[in-house]
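Visitor:
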Amino acid sequence: MPVLKESVRLTESETQNMRAVLAAYADLHTFSPTFSKKSVSSFSILFYSRTFMATVLILILLAGSGIGVTYAAGNALPGQPLYSLKVNVAEPIQGALIPSVSGKANWENVLAERRLTEASRLAVQNQLSSSTQVYIQQQVAIHIARSQKDSDELADSGKSNPALAVRSDLEARLSAHSQILALLTQRLEQDGNPSSAQVALLFQNVSQDKTAVSITRQANEVSISNTNTGTTTSSRSAGIAFVAAQNSARHNEEATLFAQHVSLLGLLPAASTTASTTASTTVTASTTISASTTASTTVPIPTVAPKNLKVDFWRGL
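Going by our numbering, the sequence shown opens with residue -2, and the numbers climb by one from there.
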């Protein structure tokens, strides 16, 4: 089974550029003591607003060789030098710049999936430790909770359709990774990779998370149907059509994500043309995990890693 390898090392120019970035960021957070209340103009208030500072920081990061550092951070894994920059600086800034509630919820969906992808990549490198598995599991739970909170806010404000779209997207991502983790556990056990135990635990938790999200998604669908009860025929038809469209989109997204990640991780031969698998694995602690999963849509598995999986760090900018 191919093993993913990644080595990130900053050049001298990149190191100097990063220091300049941090210095500039610190300067933006420092108020000059010579300023009086009378001297604070509307421009000064704008300049020191969080959004403005975040925008300036991003522009600085993208300038010159800094773009290489930021891109490398986007592909960093837990335990690597740039991972902290990725999760503590870049991702929060991206999320802060998203204006809508639905956009923020979808961003949390992306981050939950990103953490699971990181865990899978570490596992195939035999680098997924117990502590990292726990960290990933905690972060996924945090992102799911935030997404669900935003979805509830949308639904409570009468925006049931956007709420359903967010929940359908989250369920598709979790369902795809549940299948991936089941297959990955089986392959790692066959190869004698000790990371299989950690992956199996992730599989259990992601499966439970997916079930919980599915329940809220179904409740959302019922809410949409009940809202349209007693209205005109066209309104009821529109509600039914939207629910059906979301179900179709969810199944297609799930199948596509599964196929892409299977190819990225090298879990199936490139010649395979269906995103279907049956995985059965036994956990060390006398717990048997059985997952028989078949994606609802047949999707060709690409022979190279899809570009969107490598540069999704830029999504939202």
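For each residue, glycine too, the CB sits at the ideal point set by N, CA and C.
#1: Compute the Euclidean distance between the alpha carbons of Phe310 and Gly263, then round it to the nearest angstrom.
#2: Going by C-alpha to C-alpha distance, which of Ile133, Ala73, Ala252, Leu125 sits closest to Ala194?
#3: Which value, in whole angstroms, describes the spacing of the CA atoms of His174 and Leu113?
#4: Is it a yes or a no for the stretch 158 to 168 touching the stretch 75 to 88, going by three-plus beta-carbon pairs under 8 Å?
#5: Leaving out five residues before and five after Ser211 in sequence, what residues of the same chain have Cβ atoms less than 7 Å from its Cβ?
#6: Within 10 angstroms of the Cβ of Gly155, are there 16 or more other Cβ atoms? Answer buried if so, exposed if not.
#7: Whose C-beta lies closer than 8 Å to the C-beta of Thr213 among residues of the same chain, with five residues either side of it excluded?
#8: Whose C-beta lies closer than 7 Å to the C-beta of Asn103 among residues of the same chain, with five residues either side of it excluded?
#9: So for Ile95, helix, strand or coil by DSSP?
#10: How is the alpha helix (DSSP H) around Ser157 delimited, first residue to last?
#11: Output the boundary residues of the alpha helix (DSSP H) element that contains Leu125.
#12: Hey, how far is the Cα of Lys34 from the Cα of Leu94?
#13: Give me the Cβ distance between His258 and Ile139, rounded to the nearest whole Å; I'm assuming they're in contact under 8 Å.
#14: If contacts are defined as beta-carbon pairs under 8 Å, then Pro75 and Leu108 qualify, I think. What distance do you get, rounded to the angstrom?
#15: Is Ile133 near Asp206, with beta carbons less than 8 Å apart?
#16: Report yes if the C-beta distance between Gly71 and Lys83 is below 8 Å; otherwise report no.
#17: Report buried or exposed for Gln136, applying the criterion of at least 16 other Cβ atoms within 10 angstroms of its Cβ.
#18: Which same chain residues end up closer than 7 Å to Phe101 when comparing Cβ atoms and leaving out the 5 residues on each side of it in sequence?
#19: Which same chain residues end up closer than 6 Å to Asn190 when comparing Cβ atoms and leaving out the 5 residues on each side of it in sequence?
#20: Taking all protein chains shown into account, decide if Asn106 is buried (16 or more other Cβ within 10 angstroms of its Cβ) or exposed.
#21: On the CB-based measure, 16 or more other CB atoms within 10 Å of its CB, does Ser234 come out buried or exposed?
#22: Of all the options Glu9, Ser128, Asn217, which has the alpha carbon lying nearest to the alpha carbon of Asn244?
#23: Apply the 10 Å Cβ neighbour rule to Ala152 and answer buried if 16 or more other Cβ atoms are within range, or exposed otherwise.
#24: For Gln201 and Val121, what's the separation of their Cα atoms in angstroms?
#25: State the DSSP-derived secondary structure class of Lys307, mapped to helix, strand or coil.
#26: Excluding the 5 residues preceding and the 5 following Leu239 in the sequence, name in chain order all residues of the same chain whose CB lies nearer than 8 Å to its CB.
#27: Give me the residue from Thr253, Arg184, His248, Val196 with the minimum Cα distance to Ser127.
#28: Identify, in the order they occur along the chain, each residue of the same chain with its Cβ nearer than 6 Å to the Cβ of Ser172, setting aside the five sequence neighbours on each side.
#29: What three-state label does DSSP hand Pro78 in the structure shown?
Guide: Taking the coordinates as given:
#1: Sequence index remark: in the sequence shown, residue 310 carries index 313 (1-based). Sequence index remark: in the sequence shown, residue 263 carries index 266 (1-based). Note that Phe310 scores a pLDDT of 29, beneath 50, so its modelled location is shaky; the value from the coordinates is reported in the next line. The straight-line gap from Cα to Cα measures roughly 22 Å.
#2: For this step, residue 194 is matched to residue 197 along the sequence shown. The option with the nearest alpha carbon to Ala194 is Leu125.
#3: As a working mapping, residue 174 is identified with position 177 in the sequence shown. As a working mapping, residue 113 is identified with position 116 in the sequence shown. Straight-line Cα distance between these residues: approximately 7 Å.
#4: no
#5: Indexing the sequence shown from 1 puts residue 211 at position 214. So the list reads Glu168, once near-sequence residues are dropped.
#6: Here residue 155 corresponds to residue number 158 of the sequence shown, with the count starting at 1. That one is exposed.
#7: As a position in the sequence shown, residue 213 is number 216, starting the count at 1. Only Gln145, Ser148, Arg164 meet the Cβ criterion.
#8: Translated into the one-based positions of the sequence shown, residue 103 becomes position 106. Hits under 7 Å: Val163, Asp166.
#9: By one-based count along the sequence shown, residue 95 stands at place 98. The answer is coil: DSSP assigns Ile95 none of H, G, I, E or B.
#10: Start at 1 with the first residue of the sequence shown, and residue 157 comes out as number 160. Its alpha helix (DSSP H) spans residues 157 to 187.
#11: For the purposes of this step, residue 125 is taken as residue 128 along the sequence shown, with counting starting at 1. Unbroken run through Leu125: none, as it is neither H nor E.
#12: Start at 1 with the first residue of the sequence shown, and residue 34 comes out as number 37. Start at 1 with the first residue of the sequence shown, and residue 94 comes out as number 97. Per-residue confidence for Lys34 stands at a pLDDT of 48, beneath the threshold of 50, marking its modelled position as unreliable; the derived number appears in the next sentence. Whole-angstrom Cα-Cα distance: 29 Å.
#13: Your numbering for residue 258 matches position 261 in the sequence shown. Your numbering for residue 139 matches position 142 in the sequence shown. Actually they do not touch by this definition, with Cβ atoms about 22 Å apart.
#14: In the sequence shown, residue 75 corresponds to position 78, counting from 1. In the sequence shown, residue 108 corresponds to position 111, counting from 1. 14 Å between Cβ atoms; not a contact.
#15: Position 136 of the sequence shown, counted from the start, is the residue given in the question as residue 133. Position 209 of the sequence shown, counted from the start, is the residue given in the question as residue 206. Not closer than 8 Å, so no.
#16: For this step, residue 71 is matched to residue 74 along the sequence shown. For this step, residue 83 is matched to residue 86 along the sequence shown. Yes, the Cβ-Cβ distance between Gly71 and Lys83 is below 8 Å.
#17: Residue mapping note: residue 136 aligns to position 139 of the sequence shown, counting from 1. Classification for Gln136: buried.
#18: By 1-based counting over the sequence shown, the position of residue 101 is 104. First, the amino acid is wrong: residue 101 is Lys here, not Phe. Cβ neighbours of Lys101 beyond the five flanking positions: Gly92, Ile95, Asp147.
#19: Position 193 of the sequence shown, counted from the start, is the residue given in the question as residue 190. These residues qualify, in order along the chain: Asn123.
#20: For this step, residue 106 is matched to residue 109 along the sequence shown. So Asn106 counts as buried.
#21: Residue mapping note: residue 234 aligns to position 237 of the sequence shown, counting from 1. It counts as exposed.
#22: Along the sequence shown, read from residue 1 onward, the residue named residue 244 stands at position 247. Comparing Cα positions, the closest option is Asn217.
#23: Along the sequence shown, read from residue 1 onward, the residue named residue 152 stands at position 155. Ala152 should be labelled buried.
#24: Residue 201 sits at position 204 when you count from the first residue of the sequence shown. Residue 121 sits at position 124 when you count from the first residue of the sequence shown. Whole-angstrom Cα-Cα distance: 18 Å.
#25: Sequence index remark: in the sequence shown, residue 307 carries index 310 (1-based). In this prediction, Lys307 has a pLDDT of 33, which is less than 50 and means its spatial position is unreliable; what the coordinates show is noted afterwards. Helix, per DSSP.
#26: The residue labelled residue 239 in the question sits at position 242 within the sequence shown. The question names Leu, yet the displayed sequence has Phe at residue 239. Counting only Cβ-Cβ distances below 8 Å, and skipping sequence neighbours, we find Asn158, Leu161, Ile221.
#27: Residue numbering aside, residue 127 sits at position 130 when the sequence shown is read from its first letter. The residue with the shortest Cα to Cα distance from Ser127 is Val196.
#28: Position 175 of the sequence shown holds residue 172. Cβ within range, chain order: Lys207, Glu251.
#29: By 1-based counting over the sequence shown, the position of residue 78 is 81. Of the three classes helix, strand and coil, the one that applies to Pro78 here is coil, per DSSP.
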